[in-house]
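Position 222 of the first sequence, counting from 1, maps to 1684 under this note's numbering, and the rest follow consecutively.
No residue lacks a Cβ here, since even glycine has one placed at the ideal position from N, Cα and C.
Here the structure is a predicted model, which is why all the values come from computation and not from measurement.
Take a look at the structure below.
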Amino acid sequence: MTNLIRIENISAHADQEVKIRGWVYNRTRKGKLVFLLVRDGYGFVQCVAFKGDLPEEIFEEIVRLTQESSVEIKGQVRADDRAPGIPGGFEIGITDIKVIQVADDEYPMSLKEHGTDFALENRHLWLRMPSQWAILRIRSTVVSAIREWLDDNGYINMDTPILTPAAAEGTTTLFGTPYFDEGTAYLAQTGQLYNEANIYAFQKVYCFGPTFRAEKSKTRRHLTEFWMVEPEVAFCDLDGIMEVEEQFVSHIVKRVLEDRAPELASLERDTTALEKVTPPFPRISYDKAVEMIAEIREQTDDPEEKALLAFEWGEDFGAPHETALTKQFEKPVFVYGYPTQVKAFYMEPWPDRPEVCKSVDLLAPEGYGEIIGGSERISDPEMLLQRIREHELPEEAYKWYMELRQFGSVPHSGFGLGVERTVTWMCGIHHIRETIPFPRTINRVYP
RNA sequence: UCCUCGGUAGCUCAAUGGCAGAGCGGGCGGCUGUUAACCGCUAGGUUGUAAGUUCGAAUCUUACCCGAGGAGCCA
């Protein structure tokens, strides 16, 4: 019985007869010699058939294979530097083949470049391409590294509701759906408020699930449905949560570098940039960041960039500001102490400086920008009530949230990390849409 | 919602007022080391839609539809 292997482990099977099951990704026919590039879901490997080595009918069957045909191949593994693939460096000399299906010859995905629209319209097939395969394998590792670190550091996974009664943060647009006799329910855009309840039972918690934002954002950094992990920690102030974040993010990067080296290589990701991601991360205040942006703006001669970088204290940073700022650093950088007026109602004011709050964003380097938003939450009941009134939020809807401050209130902090933005940065790619299997954007819900 | 760019063969694109083309992909043939192989032959078109200008429109004008990038907002 020949050993069924995964292509990712092929180096452990050098000079053995093995079996793989997969699909023909590409083929090159050279008369008496045929090269098949076969993928099995775990990797890509070149398989070679030579007419003289095989029975006539087997060779003819190989010649007739179309792209994406499903096959079971038996053969001899041998090291060969010429062999393409992921991981590559090994090929299989075919001794036998079982064709499961000869794929229709009108497979629409070319091995050459595609426009974004065509690629997204064919996302169900695009997933098979090496670039998309590599990105989504990295995504999976990011997700498990997230859970691994939190689970190993005393965090309890508490999944928060996706159907929620009202806006948690008030400002952004929500997706609504009819909900029996209760009127409209809204798809969650954060689990944070629920997690603030959960910490009083479990001390350190996280929720991890899809998040929905009906914003009309048409940029390469936005999806209407994306995944966010939100840790929340009791007895933790702003400095404490920054320490958590840098340990957490560094672990994710480390795990990806260890487990997904072939995928990073196939994406031509410069891993030296990722290797620098170790604690501590630089911390700069919003005030300082404003100064730095003004300085960068001063130094640029490009009138377009000068206009984009125009800024006044009190505003929130836009993408151009974040990009310019993060290019000054090799590691992710914390920006803390944003103006209270641009942040959510629940953020703890800075002592003796109420115009700023104890908020902190983590901006990924190389121009990628915000991947985490977090803060210390208001723990004082009077202060919270005052803020809810200032923001003209319905007090009745926040009754339970305010009760949390009546019974054993403690300083606590938390943050939300956007999975797709993190994966975009890890992979060094341009579009967030490639980092989720089936992206949902403002004008796409197919496939 | 606003700004910019785009829509021509299955895909990626060329043709800037005068015969609608190339490469890839498909089909047929050739080749024992290909790396997005290569070589020869071949099929493949309502140029996003509608109207207009013109002897003549893929090309110019207007409206609309669709998409992309960016702004705002955010992870």
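query                                                                                                                            : result
Spatial neighbours of C1819 in its chain, beta-carbon cut-off 8 Å, leaving aside the 5 residues before and after                 : G1799, Y1800, P1801, T1802, K1805, M1809, E1810, P1811, W1812 and S1837
Same chain only: Cβ atoms within 6 Å of I1898, ignoring 5 sequence neighbours per side                                           : E1882
Top-ranked residue by Cα proximity to A1859, from T1626, R1759, L1573 and L1589                                                  : T1626
Any alpha helix (DSSP H) of 4 or more consecutive residues that is wholly inside the stretch 1710 to 1767                        : 1723 to 1728, 1733 to 1737 and 1748 to 1761
Contact the stretch 1660 to 1676 vs the stretch 1684 to 1692: 3+ CB pairs below 8 Å                                              : yes
Chain-order list of residues whose beta-carbon lies under 8 Å from that of S1606 (same chain, five-residue window excluded)      : R1717
Which residues DSSP lists as bridging T1903, in chain order                                                                      : R1906
Inter-residue spacing [alpha-carbon to alpha-carbon] between N1488 and E1583                                                     : 22 Å
Buried versus exposed call for S1473 [16 or more other C-beta atoms within 10 Å across all chains shown]                         : exposed
Burial state of H1586 (16 or more Cβ within 10 Å)                                                                                : exposed
Residues near Y1617 by beta carbon distance below 7 Å, same chain, minus five either side                                        : K1666, V1667, Y1668 and P1693
CA-to-CA distance, S1821 to F1664, given in whole angstroms                                                                      : 23 Å
Closest by C-alpha distance to K1494, when choosing among F1521, V1564 and N1471                                                 : F1521
Extent of the continuous alpha helix (DSSP H) to which Y1863 belongs                                                             : K1861 to E1865
Contacts around Y1830, its chain only, beta-carbon distance under 6 Å, and the 5 residues preceding and following it disregarded : W1887
Strand pairing of I1624, partner residues [DSSP]                                                                                 : Paired residues: none, contrary to the question.
Extent of the continuous beta strand (DSSP E) to which Q1594 belongs                                                             : No beta strand (DSSP E) contains Q1594, which is instead part of the alpha helix (DSSP H) from P1592 to D1614.
Beta-carbon separation (whole angstroms), I1482 vs I1535, contact threshold 8 Å                                                  : 5 Å
Length-filtered (4 minimum) alpha helix (DSSP H) runs lying within the stretch 1639 to 1668                                      : 1654 to 1664
Continuous alpha helix (DSSP H) assignments of at least 4 residues falling wholly in the stretch 1479 to 1547                    : 1518 to 1525
Host beta strand (DSSP E) of T1557 (start-end)                                                                                   : F1552 to Q1563
7 Å CB neighbourhood of I1755 in its chain, flanking five on each side removed                                                   : L1771, F1773, H1783, A1786 and L1787
Cβ-based neighbour list, A1476, same chain, cut-off 6 Å, excluding 5 preceding and 5 following                                   : V1539 and A1541
With 16 other Cβ atoms within 10 Å as the buried cut-off, status of V1480                                                        : buried
Secondary structure of R1839, DSSP reduced to three states                                                                       : strand
Per DSSP, the bridge partner or partners of Y1798                                                                                : S1747 and V1822
Inter-residue spacing [alpha-carbon to alpha-carbon] between G1551 and P1640                                                     : 56 Å
Where T1673 falls: helix, strand or coil (DSSP)                                                                                  : strand
Cβ distance (whole Å) where P1744 is taken to contact K1793 below 8 Å                                                            : 6 Å
Local conformation of M1690 per DSSP, three classes                                                                              : strand
The stretch 1597 to 1616 in contact with the stretch 1564 to 1582 per 3-pair CB rule at 8 Å                                      : no
Inter-residue CB distance, T1686 and T1903 (contact presumed, cutoff 8 Å)                                                        : 6 Å
Exposure of Q1529, with buried meaning 16 or more beta-carbon neighbours within 10 Å                                             : buried
Neighbourhood of F1697 by C-beta distance below 8 Å, restricted to the same chain and skipping five residues each side           : Q1665, V1872, P1873 and H1874
Distance between I1891 and D1721 (C-alpha atoms, nearest Å)                                                                      : 19 Å
Same chain only: Cβ atoms within 6 Å of L1825, ignoring 5 sequence neighbours per side                                           : E1784, T1788, V1795, G1831 and E1832
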